[in-house]
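Working notes, structure below.
In my numbering, the protein residues as written are 36 to 835.
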């Protein structure tokens, strides 16, 4: 009986080394197991609560492509015993660490920089011993490793890390990446996370700067000094932080491509283009006509109208010297500042005229637009800002008739930007006006400050440098390019373009447009669109989801303005399934209990079509209509991929460009269609499992999701399964070689400490009583399933 108990204990020790899951941001703490110097200890409840991260602050200084990153994290121990452990920091892809230092609570601590092959062994050892695949996320990265001083009960430890690296350049773009994904390690949100990146260039001006992964705020202190910042509270971080920027010496067009590693060369690739004006071009600014059309009906009276007057004051006082302007104020009737366009040096007169206006009367939108079209100069760029807070109630009130009348009376050079104030606006009318005239609509909801929103908007469009932009990709076949149509390019701004391509190769991209009234053409040579996946574009996976986000937004807008059809609905369903983007028609992401086959997808499409048809008959005004329009605009113009609704966050995960849905305890690749793919089973932690990982390193992040995963690679579905507990003995697994992790004692030493009655009892009851405590005075113990026993015996022996 004693030997049977010994076999059970050995198996238990091997099958589950720790009872605490690691917590991570960029740095990961692997807690040591609790200890017990007494046998037996009084039973007390487990499990061990995960360490929490109180805050995570990153400051980065980049000097001519040498980046120094300083990380501060505060870990909190919510348990009533102290925790020790090993700190592991995964090194970013392609990083060459030139300098490294580590502090814990202000004391410099020895640490070791591990190369990728060394780190891989440690990652695999931890995965095997913890039976937790989370660290596979970083399997092909190097690492920094150090011991963590004990964290007292309900206490904190501050970890600081600094390292320097040389940044890589890709198609004229400098790329900085910070490993920030925590989703697979922590169920507790971070109280605060912030990243500040200071860029200093001694060789040229910093031009384009953009993050496809996170929404960042850009502060340009000078042409060569720029700060990009990201900050958020109470958040689970789901993806690494990526930042691109270019220098003035590089070309104005930058390409970032991506291909899914598990799909063949016949599948679509994705690309992002960053287009920015060259600095010498900015001096050649296009003179423009600015027409301000303001609703002064009675419903605007009060604070709304005061804010509108302030916004118009700002715009008029910031016109460029060669601009012209006019102002149209409408209600039941119409007032016009002048019967023709006025030079910018008369802006002060326009401001006085605006400030004398008062709000009263009804809303004649049709007349206001027709009078505006009559004064527009067809030979100059015309920017029309149209501001209203109500539905048309005077003159022609049918939305379609108003659109047709303006289309007949207006000219092609008009760029119309609508501002709808409040909920009593016709979203169909405003969005159709903007869409048909290469503009956009902004909805100013109650509580928003109108004058600040309008002033911020004008600051971005005040200085046009290139209009009527057309891109030609040569022999590369592209599709679904967004935004569509391409908007004008303005000084101090950049245009981020997302699209798909079918065939790879090297090509010349031709950019044409109107500049200062002249046709211009620029050629950008030797741009490479990869035909196959490579590790150098691994970090660009976010581009695929960003493209899908924009396409879904555009398709939803088309349905809202033009009516639903099954073909458009099918596209939304497939994109939503493939990229895990929740839409009004795809709540299946949080309700479906099985992987979606062909019939399931057809069912969802038919249900979605009926829902879209019902929505099409709903009023185009009111709070619901305004909110729907606002949400869809945000998708269509997204700068980073949309995050899921909170109710879907627990069952949806993203790795690379793939989405996984938790179905009956299995993380299922949403590409998977059970009617189309053959399934190959791989046993979790088996030799075949690690062989697959070695041959397909791009899918390590998918396997990191858990013990049960189904992922599609090159047309085959690989399902990770757990071994049957009755299938035989679990093989002996290696343990990480670290000062804070102790070696397993021999079976003979374990046998000498087993109490026979306890061993016999363990054969009767499917659980076994265990006890333990930390190096403090508190004991922990309880009755647990056999697979949940930590290494308390190992730690006890090691300390004697």
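Don't be surprised by glycine CBs; every beta carbon is placed ideally from N, CA and C.
Whose C-beta lies closer than 7 Å to the C-beta of residue i among residues of the same chain, with five residues either side of it excluded?
i, result
"residue 560", "543"
"residue 599", "644, 647, 648, 651"
"residue 267", "228"
"residue 314", "Only weak support is given to the placement of residue 314: the predicted model assigns it a pLDDT of 45, under 50, and the value that follows is read from those uncertain coordinates. Correct list, in chain order: 240, 283."
"residue 781", "Summary for residue 781: the model assigns pLDDT 33, below 50, so the residue's position carries little reliability, and this model does not support an answer."
"residue 391", "none"
"residue 346", "485, 486, 489, 490"
"residue 367", "396, 397, 399, 429"
"residue 800", "Low confidence applies here, because residue 800 scores a pLDDT of 30, under 50, leaving its location unreliable; read the following figure in that light. For residue 800, where only same-chain residues beyond five positions count, there are no Cβ hits under 7 Å."
Provide the residue span of the alpha helix (DSSP H) that contains residue i, from first to last.
i, result
"residue 865", "Look at the range of the chain in this structure, 36 to 835, and you will see that residue 865 is not part of it."
"residue 548", "That residue, residue 548, is in no alpha helix (DSSP H); its beta strand (DSSP E) goes 540-550."
"residue 662", "658-671"
"residue 162", "151-165"
"residue 585", "577-597"
"residue 110", "Counting along the chain, residue 110 falls outside any alpha helix (DSSP H), though it belongs to the beta strand (DSSP E) covering 101-111."
"residue 725", "722-730"
"residue 462", "462-471"
"residue 636", "633-651"
"residue 609", "601-614"
"residue 697", "Counting along the chain, residue 697 falls outside any alpha helix (DSSP H), though it belongs to the beta strand (DSSP E) covering 693-698."
In its own chain, which residues sit with a C-beta less than 6 Å from the C-beta of residue i, not counting the 5 before and 5 after it?
i, result
"residue 146", "137, 179, 181"
"residue 334", "424, 425"
"residue 342", "485, 486"
"residue 550", "501"
"residue 371", "363"
"residue 258", "240"
"residue 135", "148, 198"
"residue 568", "294, 296"
"residue 758", "718"
"residue 388", "372"
"residue 193", "109, 140"
"residue 812", "Annotation note: pLDDT 29 at residue 812 (below 50); position unreliable, coordinate value reported separately. Answer for residue 812: no residue qualifies."
"residue 208", "279, 281, 289"
Contact defined as beta carbons within less than 8 Å: I believe residue i pairs with residue j. What is the distance between those atoms, to the nearest angstrom?
i, j, result
"residue 565", "residue 294", "6 Å"
"residue 402", "residue 444", "That belief does not hold up - the Cβ atoms of residue 402 and residue 444 are roughly 11 Å apart, past 8 Å."
"residue 165", "residue 738", "Not a contact, Cβ separation roughly 14 Å."
"residue 365", "residue 331", "7 Å"
"residue 272", "residue 354", "That belief does not hold up - the Cβ atoms of residue 272 and residue 354 are roughly 43 Å apart, past 8 Å."
"residue 612", "residue 631", "6 Å"
"residue 184", "residue 139", "5 Å"
"residue 587", "residue 541", "That pair is no contact at about 31 Å."
"residue 407", "residue 419", "6 Å"
"residue 411", "residue 449", "6 Å"
"residue 539", "residue 304", "7 Å"
Only counting the same chain, and skipping five residues up and downstream in sequence, which positions put a Cβ closer than 8 Å to that of residue i?
i, result
"residue 585", "517, 518, 533, 670, 671, 672, 673"
"residue 728", "171, 174, 734, 735, 738"
"residue 237", "98, 99, 259"
"residue 608", "620, 621, 636, 639, 640, 643"
"residue 349", "486, 489, 490, 493"
"residue 725", "159"
"residue 459", "334, 424, 425, 426, 656, 657"
"residue 256", "262"
Taking the continuous beta strand (DSSP E) assigned at residue i, which residues delimit it?
i, result
"residue 495", "Here residue 495 belongs to no beta strand (DSSP E); instead the alpha helix (DSSP H) covers 485-496."
"residue 529", "Looking at the DSSP string, residue 529 is not in any beta strand (DSSP E), and its letter there is neither H nor E."
"residue 260", "260-270"
"residue 561", "553-564"
"residue 240", "Taken as a continuous stretch (DSSP letters only), residue 240 belongs to no beta strand (DSSP E), as it is neither H nor E."
"residue 248", "No beta strand (DSSP E) contains residue 248, which DSSP labels as neither H nor E."
"residue 737", "No beta strand (DSSP E) holds residue 737; the alpha helix (DSSP H) holding it covers 735-738."
"residue 705", "That residue, residue 705, is in no beta strand (DSSP E); it is neither H nor E in DSSP."
Inset, instruction - Indicate whether the contact test is met: 3 or more Cβ pairs, each with one atom in the segment 591-604 and one in the segment 709-726, closer than 8 Å. - result: The segment 591-604 vs the segment 709-726: no contact.
Inset, instruction - Would you list, in sequence order, the uninterrupted alpha helix (DSSP H) runs of no fewer than 4 residues that lie entirely inside the segment 373-459? - result: Within the segment 373-459, the runs of alpha helix (DSSP H) at least 4 residues long that lie entirely inside it are, in chain order, 382-390, 400-410, 434-444.
Inset, instruction - Evaluate contact between the segment 144-163 and the segment 97-113, counting only Cβ atoms and requiring at least three cross-stretch pairs below 8 Å. - result: Too few Cβ pairs lie closer than 8 Å, so no.
Legend entry - alpha helix (DSSP H) runs wholly inside the segment 338-378, at least 4 long, in chain order: For the segment 338-378, whole alpha helix (DSSP H) runs of length 4 or above, ordered along the chain, are 338-352.
Inset, instruction - Any chance you could list the beta strand (DSSP E) runs of at least 3 consecutive residues sitting entirely within the segment 278-310, in chain order? - result: Runs of the beta strand (DSSP E) inside the segment 278-310: 288-293, 304-310.
Inset, instruction - Mind the definition here: the segment 702-709 touches the segment 744-752 only if three or more C-beta pairs lie below 8 Å; say whether that holds. - result: Three or more Cβ pairs closer than 8 Å define a contact, and the segment 702-709 meets that threshold against the segment 744-752.
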